[in-house]
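Colleague: Please read through the structure below; I'll follow up with questions.
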Amino acid sequence: MISSIQSRHLCAVLLFGAFTLAQAEPFSFGLFGDMPYSDAERARLPKLIEEMDGEDLSFVVHDGDIKNGHSRCTDETFLDIRAVFNASSHPLIYVPGDNEWTDCHRKNNGGYDPVERLQKLRELFFRDDQSLGQRKLRLSNQRHGKQFSGYPENSRWEQGGVLFVGLNVPGSNNAIVNPRKPSAEYLQRARANRAWLAQAYARAREARLAGIMIVIQANPQLRAANAGHAPPGYQELIEQLRAETMNYAGQVVLVHGDTHNFRIDQPLLDPRTREPLKNFTRVETFGSPIIGWIKANADASTPQVFRFEARPYQPAQW
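Numbering-wise (this note's numbering), the sequence shown opens with residue -7 and increments by one.
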């Protein structure tokens, strides 16, 4: 016997299907991150991008960490990587990682002010509403707004019945140094992130989009969050993801890097049943020293919407 809740959910799914079958075309895109971490990986980065250039992709996304955690956070490093990203024949969307701003206060990173480094990243990588790469993709971003502005790294774009969201959620506990007294930077950015994410889900529901993909850099410790033990910098974000996903009929994918452990799983539990949320998937990209990328395929006419193909490091290709 089907309950009223199940019946409403089924109707919502059928409505989604009617929309996507009529209007959406399948497409592919690339996901990578946590590189380059060494001179050797820096030398290979253009070849990895060339490999993606050889595929029929709508865009590619780098989910953060464009340097290792013990090298200097110089303007020259940022400019060098920007040039490589701009050489991509596909539009390239970049989400900041902890190694390029959160952790730049470390002595071996140059002892920078992390907030100043974040501002430099915004100046160099997020100067307008266009992606990086030779072929540009127009993005919506949180540069201007009545409620929150000054967060151009937070982006959104749509294709084929799917909404994509980039959020500045870095490793090192989301830039919380003292959990008892979070910085003003963290508190303001967390509020902006919550608003940006809520708007994304609202847009997906309103437009009856079949899927949402959210890209962050940090591994937010989703399994620990099921028991309420995620690091304090991520617990609130995870609870928002859980609540919004349970109120959404489409598929949700969270993409992140940070812990360099390629995996695709469903670690987020329904708090009522303690079963995995069937419409929530986590994808962690490859990371140094394992170099590679993920070819993602989106087809809004299928129940799962997303499919993923691992493209790990192949020595013969380099």
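We treat Cβ as the ideally placed atom computed from N, Cα and C, and that holds for glycine. Given the structure is predicted, the values throughout are model-derived calculations rather than measurements.
(1) Among R200, G203, N211 and G225, which has the Cα closest to the Cα of R183?
(2) Examine the ligand FMN and report whether any of its heavy atoms sits within less than 6 Å of the Cβ of S147.
(3) Looking at A290 and F298, is the spacing between their C-beta atoms short of 7 Å?
(4) Determine the DSSP secondary structure at I206, reduced to helix, strand or coil.
(5) For W93, write down the residues that DSSP places opposite it in a beta bridge.
(6) Which whole-angstrom value is the C-beta distance of I58 and E92, which I expect to be below 8 Å?
(7) Under a three-way DSSP split, which group does Q243 fall into?
(8) Is the beta carbon of N146 closer than 7 Å to that of N166?
(9) In angstroms, rounded to a whole number, what distance separates the CA positions of A288 and D90?
(10) Helix, strand or coil: how does DSSP classify Q134 here?
(11) Checking 7 Å against the spacing of the C-beta atoms, do N253 and E276 come in under that value?
(12) Return the CA-CA distance between L162 and R181, expressed in angstroms with no decimal places.
(13) Could you tell me the boundaries of the alpha helix (DSSP H) in which G163 lies?
(14) Output the distance between the C-alpha atoms of D45 and I204, rounded to the nearest integer angstrom.
(15) DSSP puts R114 in a beta bridge; with which residues?
(16) To the nearest angstrom, how far is it from the Cα of Y86 to the Cα of Y305?
(17) I'd like the span of the alpha helix (DSSP H) that includes Y226, first residue to last.
(18) Can the beta-carbon of I208 be found closer than 7 Å to that of H248?
(19) Is it true that the stretch 216 to 232 meets the stretch 258 to 271, where meeting means three or more beta-carbon pairs spaced less than 8 Å apart?
(20) Taking 7 Å as the limit between beta carbons, can you name the residues of its chain near R130, skipping five residues before and five after?
(21) Measuring only the C-alpha atoms, how far is F156 from A202?
(22) Which of the three DSSP states, helix, strand or coil, is assigned to Y29?
(23) F316 to R186, Cα distance in whole Å?
Modeller: Let's see:
(1) Taking the sequence shown and counting its residues from 1, one reaches residue 183 at position 191. With distances taken between Cα atoms, R183 lies closest to G225.
(2) With respect to the ligand FMN, the structure offers nothing, as it holds no ligand at all.
(3) Looking up residue 298 in the sequence shown gives position 306. Looking up residue 290 in the sequence shown gives position 298. Yes, the pair counts as a contact, with Cβ atoms nearer than the cut-off.
(4) As a position in the sequence shown, residue 206 is number 214, starting the count at 1. It is a strand residue.
(5) For this step, residue 93 is matched to residue 101 along the sequence shown. DSSP, once it has assigned bridges, lists no residue as partnering W93.
(6) Along the sequence shown, one-based indexing puts residue 58 at 66. Along the sequence shown, one-based indexing puts residue 92 at 100. Indeed, because the Cβ distance is near 6 Å, the residues count as touching under 8 Å.
(7) Here residue 243 refers to the residue found at position 251 when the sequence shown is read from its first residue. In this structure, Q243 counts as strand in the three-state DSSP scheme.
(8) Taking the first residue of the sequence shown as 1, we reach residue 166 at position 174. Taking the first residue of the sequence shown as 1, we reach residue 146 at position 154. Not a contact, by the Cβ cut-off of 7 Å.
(9) By one-based count along the sequence shown, residue 288 stands at place 296. By one-based count along the sequence shown, residue 90 stands at place 98. In a straight line, the C-alpha of A288 is about 24 Å away from that of D90.
(10) Here residue 134 is taken as the residue at index 142 of the sequence shown, counted from 1. Three-state DSSP puts Q134 in a strand.
(11) Here residue 253 is taken as the residue at index 261 of the sequence shown, counted from 1. Here residue 276 is taken as the residue at index 284 of the sequence shown, counted from 1. Yes; because the gap between Cβ atoms is below 7 Å, this pair is in contact.
(12) Here residue 162 refers to the residue found at position 170 when the sequence shown is read from its first residue. Here residue 181 refers to the residue found at position 189 when the sequence shown is read from its first residue. Strictly speaking, residue 162 in this sequence is Pro, with Leu absent from that position. Taking the straight line from one Cα to the other gives about 11 Å.
(13) Position 171 of the sequence shown holds residue 163. It spans G163 to A167 - the alpha helix (DSSP H) in which G163 sits, taken as one unbroken run.
(14) Here residue 45 corresponds to residue number 53 of the sequence shown, with the count starting at 1. Here residue 204 corresponds to residue number 212 of the sequence shown, with the count starting at 1. Cα to Cα, D45 sits roughly 24 Å from I204.
(15) Position 122 of the sequence shown, counted from the first residue, corresponds to residue 114. DSSP output for R114 lists no bridge partner at all.
(16) Along the sequence shown, one-based indexing puts residue 86 at 94. Along the sequence shown, one-based indexing puts residue 305 at 313. Near 21 Å, if we compare the C-alpha coordinates of Y305 and Y86.
(17) Against the sequence shown, residue 226 aligns to sequence position 234. From DSSP, the alpha helix (DSSP H) with Y226 extends over P224 to M238.
(18) The count along the sequence shown starts at 1 and reaches residue 208 at position 216. The count along the sequence shown starts at 1 and reaches residue 248 at position 256. Cβ distance < 7 Å, so I208 and H248 count as in contact.
(19) yes
(20) Numbered from 1 along the sequence shown, position 138 holds the residue referred to as residue 130. Closer than 7 Å at the Cβ level, and outside the excluded window around R130, lie D121 and Q122.
(21) Taking the sequence shown and counting its residues from 1, one reaches residue 156 at position 164. Taking the sequence shown and counting its residues from 1, one reaches residue 202 at position 210. Rounded to the nearest angstrom, the two C-alpha atoms are 11 Å apart.
(22) Taking the sequence shown and counting its residues from 1, one reaches residue 29 at position 37. Correct three-state label for Y29: coil.
(23) The question about residue 316 has no answer here: the residues shown for the chain are numbered -7 through 310.
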